[in-house]
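Just below is one structure, and these are the notes that go with it.
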Amino acid sequence: MPTGRRSHNDAGTSLPADGDAIHDLLIIGGGSVGLTLGATWAMLGRAAVVFDRQPSLYGLPRVGHIDHEIMRILQQLGAEGPTFEDAYATESYTWINAEGETLLEFPWGEEGISGWHSDYMQNSAILERSLLDGILRSQTVAHMPGWEVVDLVQHDDHVELSVQRTRTVPGEPRPVLTAEHRRFRGRYVVACDGANSRTRQMLGIDRDDLGFNEKWLVIDARIKRPFSLAFDSGQVCDPRRPTTVLPLGKDHRRWEWHLRPEENPDDFLRPDKAWELLAPFDVTEHDVEPVRQLVYTFEARIAHRWRSGRVFLAGDAAHTMPPFMGQGMCSGMRDARNLAWKLDLVLSGAADETLLDSYQVERDPHVRDWTVISLESGRIPCIIDPEEARKRDEMFRAGFRPPMPDFPQLVNGILHRTADGSPLAPAGELGLQGRVRIADRIDLFDRLLPTTGFTVVSITDDPCTALGPRRTAALERLGCHFYTVRSAASGPNRSSGTPGRTDIVDVDGTYAEYFRTRGIDVVINRPDFYVFGGSDLSGLAALADDLLDQTTAVRSTPASQDDRVPVTAVRDDGHV
212 MPTGRRSHND
222 AGTSLPADGD
232 AIHDLLIIGG
242 GSVGLTLGAT
252 WAMLGRAAVV
262 FDRQPSLYGL
272 PRVGHIDHEI
282 MRILQQLGAE
292 GPTFEDAYAT
302 ESYTWINAEG
312 ETLLEFPWGE
322 EGISGWHSDY
332 MQNSAILERS
342 LLDGILRSQT
352 VAHMPGWEVV
362 DLVQHDDHVE
372 LSVQRTRTVP
382 GEPRPVLTAE
392 HRRFRGRYVV
402 ACDGANSRTR
412 QMLGIDRDDL
422 GFNEKWLVID
432 ARIKRPFSLA
442 FDSGQVCDPR
452 RPTTVLPLGK
462 DHRRWEWHLR
472 PEENPDDFLR
482 PDKAWELLAP
492 FDVTEHDVEP
502 VRQLVYTFEA
512 RIAHRWRSGR
522 VFLAGDAAHT
532 MPPFMGQGMC
542 SGMRDARNLA
552 WKLDLVLSGA
562 ADETLLDSYQ
572 VERDPHVRDW
582 TVISLESGRI
592 PCIIDPEEAR
602 KRDEMFRAGF
612 RPPMPDFPQL
622 VNGILHRTAD
632 GSPLAPAGEL
642 GLQGRVRIAD
652 RIDLFDRLLP
662 TTGFTVVSIT
672 DDPCTALGPR
682 RTAALERLGC
692 HFYTVRSAAS
702 GPNRSSGTPG
712 RTDIVDVDGT
722 YAEYFRTRGI
732 DVVINRPDFY
742 VFGGSDLSGL
752 AALADDLLDQ
762 TTAVRSTPAS
772 QDDRVPVTAV
782 RDDGHV
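Residue numbers for the sequence shown follow my numbering, beginning at 212 and rising by one.
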């Protein structure tokens, strides 16, 4: 266990003890993915250290789009407030051609199943600051900016990291290493250190190249005064220069321009080039102040292995995709959440270490689906051949509409399955979060009830009655919560949820509709909000046994045919 010793850096922030102390988790990289993992770890009350080579947060918007799933994650972490206050709920995404003719308008105005608007444009600097604030408030997770991991050594029961302090030097594009070294040990390491991941290189992990590599100029600008554009969010499908236009929250704007292979990226870093490219939008220095002007290489690559022993890759270290669906950062944050609950169960002794093998099994297909969707979404608007662009425009004028992609689901891993091994619906879907009432309070489900572990939600009777006491106790040791949601028209019920919050009312009928359309009475949701499985109440016992069989450390022979319980080790504090 880590010791309680603390030291202080020059800025006065508390630093964790190094040397022989063994932390639960060491996180390499303090961007959105590393901070999501750190904030989740803090929520779980576990010990971790987050290292980042930068001396402070980046402070500028890097990523614009997030969806309802990410908002629910931020909500549970208590980080949604500042993000939401600056976020821009998108209603549509528009494609226009070089003549300004609208080719297609995607509706983005629906409410997502997670209880939030389907899509938002936001300022990732605010999101990252909110996540870091949660970490800094915690007593278990330490943040170490200005320290770079330079080496790692894996042992049987831990990983040892060598870290080196960095400093900024005028004229240098990145912080340089100093002579100051420290050493840290952790049960597990998660590397969230970006597309050029040093950790991935140290581990010798190669990547699949999905065949996309383009350079784009990105300009982010602070809005100085209100101005109007032909559309709010979307693409200018001009074969001479495909362009993306996006809001970054309420106070910033982003433009992205495609660079041809023969063009020199350095020519696009001059300030006068920015104003030249912004001129067709009637945007001048009176309207905006550029805060970033960089040439990015958009690529699509996925690591062959996301795990090497006790070290895991997450976010851009594991996968990169072009930004046309805005799912790069979202995918990395999903990685963090997927790993967090599995590491938590393994470290608590509630699950076997082999549970961690399901990380890539689950996340790789999901990321590949989003990558393919992103590639296809960019293919049509980014045509640079004039004749092909003319044919495309004619197709749209004739009524062609590309199908809207389905939101990818989990297809492998810890899911309830049919006899042939495929997920049994609704397994693999995102779980529902609707508004409920408890006493005189009405709010989103997660704000009123604990949902940090597995949740069993019934729309009929108390799920614990169907499970029996022994099976219920086994699920509780797995960190499970039990809830019954009733309609507003029915009488009170007695859920087995948190004491004092037993009567849960479905104020909008959202839960009734969800269960009705899926033909189920009860659902088991995972800690990352994905559905493990659903059934009628009579099938809940078998559903629970399947979950316990897939997750628990020791599998038992059943005590009886109708009340099987896994044998698990229990610590002195009563937890598994």
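Every residue gets a Cβ at the ideal spot worked out from N, C-alpha and C, and that includes glycine.
Item: Coil, strand or helix - residue 697 by DSSP; Value: strand
Item: Assigned secondary structure, residue 271 (DSSP; H/G/I helix, E/B strand, else coil); Value: coil
Item: Short CB-CB distance (under 9 Å) between residue 731 and chain D; Value: No chain D appears in this structure, which consists of one protein chain only.
Item: Cβ neighbour criterion (16 or more within 10 Å) applied to residue 615; Value: exposed
Item: Contact set for residue 271: own chain, Cβ-Cβ below 8 Å, skip 5 residues either direction; Value: 336, 431, 502 and 503
Item: Beta-carbon proximity check, residue 376 vs residue 363, cutoff 9 Å; Value: no
Item: Same chain, Cβ closer than 7 Å to residue 547, neighbours up to 5 away in sequence not counted; Value: 244, 247, 248, 251 and 525
Item: DSSP-derived helix/strand/coil call for residue 324; Value: coil
Item: Through-space distance from residue 278 to residue 706, alpha-carbon basis; Value: Reliability of the predicted coordinates at residue 706 is poor, the pLDDT of 48 falling under 50, and the value obtained from them is presented with this limitation in mind. Using only the alpha carbons, I get a separation of about 31 Å.
Item: For residue 193, the three-state DSSP class (helix, strand or coil); Value: Residue 193 falls outside the range modelled here, since the chain spans only 212 to 787, and no answer is possible.
Item: For residue 507, the residue or residues it bridges with in DSSP; Value: 427
Item: Nearest-angstrom Cβ-Cβ length linking residue 465 and residue 240, presumed shorter than 8 Å; Value: Not really, about 23 Å apart at Cβ, beyond 8 Å.
Item: Rounded distance between the beta-carbons of residue 267 and residue 381, thought under 8 Å; Value: About 16 Å; that fails the 8 Å criterion.
Item: Residue(s) in a DSSP beta bridge with residue 848; Value: Absent from the model: residue 848. The displayed extent of the chain is 212 to 787, so no value can be given.
Item: At least three beta-carbon pairs within less than 8 Å, the segment 636-650 to the segment 737-757; Value: yes
Item: Touching by the beta-carbon criterion (3+ pairs, under 8 Å), the segment 432-447 and the segment 306-322; Value: yes
Item: Residue 280 in three-state terms, based on DSSP; Value: helix
Item: Identity of the residues DSSP links to residue 257 by a beta bridge; Value: For residue 257, which the question treats as bridged, DSSP gives no partner whatsoever.
Item: Sufficient close CB pairs (3 or more, under 8 Å) joining the segment 550-570 to the segment 602-613; Value: no
Item: As assigned by DSSP and simplified to three states, the class of residue 723; Value: helix
Item: Check whether residue 460 and residue 298 have beta carbons under 9 Å apart; Value: yes
Item: Candidates 673, 232, 519 and 476: closest to residue 413 by CA position; Value: 519
Item: Opposing strand residues paired with residue 375 [DSSP bridges]; Value: 359 and 392
Item: Status (buried if at least 16 other CB within 10 Å, exposed otherwise) for residue 379; Value: exposed
Item: Inter-stretch contact (C-beta, 8 Å, three-pair minimum) for the segment 286-298 and the segment 420-437; Value: no
Item: Proximity to residue 701 [Cα-Cα], best of 694, 727, 670 and 238; Value: 670
Item: 9 Å Cβ cutoff met for residue 371 and residue 395; Value: yes
Item: Own chain, CB closer than 8 Å to residue 721, minus 5 neighbours either side, in chain order; Value: 643, 645 and 646
Item: C-beta atoms of residue 627 and residue 428 nearer than 9 Å; Value: no
Item: Close Cβ partners of residue 499 (< 7 Å) along its chain, the five nearest in sequence each way excluded; Value: 432, 433, 434, 435 and 464
Item: Cutoff 7 Å; reference residue 676; Cβ partners in own chain excluding five residues on either side; Value: none
Item: Through-space distance from residue 679 to residue 237, alpha-carbon basis; Value: 39 Å
Item: For residue 471 and residue 453, the rounded distance between their alpha carbons; Value: 10 Å
Item: Best match in 539, 399, 603 and 601 for proximity to residue 574 [C-alpha to C-alpha]; Value: 539
Item: Rounded C-alpha distance that separates residue 752 from residue 668; Value: 13 Å
Item: Among 663, 652, 727 and 285, the one whose alpha carbon lies nearest that of residue 345; Value: 285
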